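Before any comments, here is the structure.
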Amino acid sequence: MRTAIISDIHGNIFAADAVLADIRDQSIDRIFCLGDTVGYLPFPRECLDFVIRNCKIVLRGNHEDWIIRNELDNFSDVAYDSAIFTRKELEPHDDLSVERRRWQFMHTLPYSYTEDEALYVHASPRPNLLVSEYLAADDGEQELSSGSPIDLALMLLGKKGIKFCFHGHTHVAGIMYHDKKKDKLIFLPEKNVILPIRLGEHAPYLIDVGSVGMPRDFNPAACYVIFDSDKQKIEFRRIAYNPLPMQYAIRNTPQINEILAERVKYGT
Ligand SMILES: [Fe+2]
Numbered sequence: 001m002r003t004a005i006i007s008d009i010h011g012n013i014f015a016a017d018a019v020l021a022d023i024r025d026q027s028i029d030r031i032f033c034l035g036d037t038v039g040y041l042p043f044p045r046e047c048l049d050f051v052i053r054n055c056k057i058v059l060r061g062n063h064e065d066w067i068i069r070n071e072l073d074n075f076s077d078v079a080y081d082s083a084i085f086t087r088k089e090l091e092p093h094d095d096l097s098v099e100r101r102r103w104q105f106m107h108t109l110p111y112s113y114t115e116d117e118a119l120y121v122h123a124s125p126r127p128n129l130l131v132s133e134y135l136a137a138d139d140g141e142q143e144l145s146s147g148s149p150i151d152l153a154l155m156l157l158g159k160k161g162i163k164f165c166f167h168g169h170t171h172v173a174g175i176m177y178h179d180k181k182k183d184k185l186i187f188l189p190e191k192n193v194i195l196p197i198r199l200g201e202h203a204p205y206l207i208d209v210g211s212v213g214m215p216r217d218f219n220p221a222a223c224y225v226i227f228d229s230d231k232q233k234i235e236f237r238r239i240a241y242n243p244l245p246m247q248y249a250i251r252n253t254p255q256i257n258e259i260l261a262e263r264v265k266y267g268t
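Start counting the sequence shown at 1; every next residue gets the next number (this note's numbering).
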């Protein structure tokens, strides 16, 4: 089974369409989306319709969670303004069934999905932190400090017999695991991964699939992952697309902070 795993589209329909075009050439059986389909960029309706149409599993991200619960306390100014915009775009204004269907869909999004030895979440496998915890590390080898969020996450996965935990949220793609021989935490960022990578001896793995619409690893190309469960292999894909239509749309949506036009262009 070959699953394309996408995450953090964030209202960037141009990046989502570019990724879908690539997925169609990769003999993919199904697409999973790990949340943050909306938020930040100006096409939340189109992106929700995109995942409804194309994805077998769609999870809840922190942006969907905050928008439907109307709790925006922890947002930066940029995220807050776009969350208000996104909520207005998505709230049903009249009896149009398409608007009601989207709003209803947002409310039914699950926090996680488990299948065989794989767990899919937006941010972290840890209960109560499923959409909120940032699991990020510096590139390369480092000490795995006991009781740290990454240590607790890896221990939990081991206890549950999960080999692969796919997540997004940080917008920085890569693989994290505990190398037991060296007793080190390894974070292999996507740019250092030789493709495709076969996963085995260091399980459990935290696999950050990166972001389709707003990468933050200084590479503006949309990112997604292909998981081949029969071969136990994963592949990161980076798909370059023209950022100009998105930059134009951002600058013509007064509620969205213009700084996002630069961030989309540079992948920051
Ligand atoms: Fe996100």
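For glycine and all other residues, C-beta sits at the position ideal for the given N, C-alpha and C. Please read all numbers here as calculations on a predicted model, not as lab measurements.
(message) Using the Cβ count rule (16 or more neighbours within 10 Å means buried), how would you classify Gly-200?
(response) exposed
(message) Helix, strand or coil, according to DSSP, for Gly-158 in the structure here?
(response) helix
(message) Strictly by DSSP, which residues pair up with Cys-275?
(response) Because residue 275 is not part of the residues shown, which for the chain are 1 to 268, the question remains open.
(request) Taking Lys-225 as part of the beta strand (DSSP E), name the residues at either end of that continuous run. (result) Per the sequence shown, the amino acid found at residue 225 is Val instead of Lys. That run of the beta strand (DSSP E) goes 222–228.
(request) Pull every residue with its beta-carbon under 5 Å away from any heavy atom of ligand 1, and keep them in chain order. (result) Asp-8 and Asp-36
(message) For Arg-126 and Leu-34, what's the separation of their Cα atoms in angstroms?
(response) About 15 Å.
(request) Measuring alpha carbon to alpha carbon, tell me which of Asp-65, Ile-186, Ala-249 and Ala-173 ends up nearest Glu-235. (result) Ala-173
(message) Please give the ranges of any beta strand (DSSP E) in the segment 143–210, keeping only runs that are unbroken, at least 3 residues long and fully inside the region.
(response) 164–167, 174–179, 184–189 and 205–208
(request) Select from Tyr-120, Ala-136, Ile-28 and Ser-132 the residue whose C-alpha is nearest the C-alpha of Ile-186. (result) Ala-136
(request) Please look up how many angstroms separate the CB atoms of Leu-90 and Pro-44, rounded, as I've assumed it's under 8 Å. (result) 6 Å
(request) Please look up how many angstroms separate the CB atoms of Tyr-40 and Ser-82, rounded, as I've assumed it's under 8 Å. (result) Between Tyr-40 and Ser-82 the beta-carbon gap is near 5 Å, inside 8 Å, which marks them as a contact.
(message) In whole angstroms, give me the CA-to-CA distance for Asn-12 and His-171.
(response) Distance between the alpha carbons of Asn-12 and His-171 is about 14 Å.
(request) Output the distance between the C-alpha atoms of Gln-142 and Lys-184, rounded to the nearest integer angstrom. (result) 6 Å
(request) Tell whether a beta-carbon distance below 9 Å holds between Pro-149 and Glu-133. (result) yes
(message) What does DSSP give as the partner residue(s) for Ala-4 in the beta ladder?
(response) Ile-31 and Ile-226
(request) Could you check how far apart the C-beta atoms of Glu-262 and Arg-251 are, in whole angstroms? I think they sit under 8 Å. (result) Their Cβ separation, rounded to whole angstroms, is 11 Å, which puts Glu-262 and Arg-251 out of contact at 8 Å.
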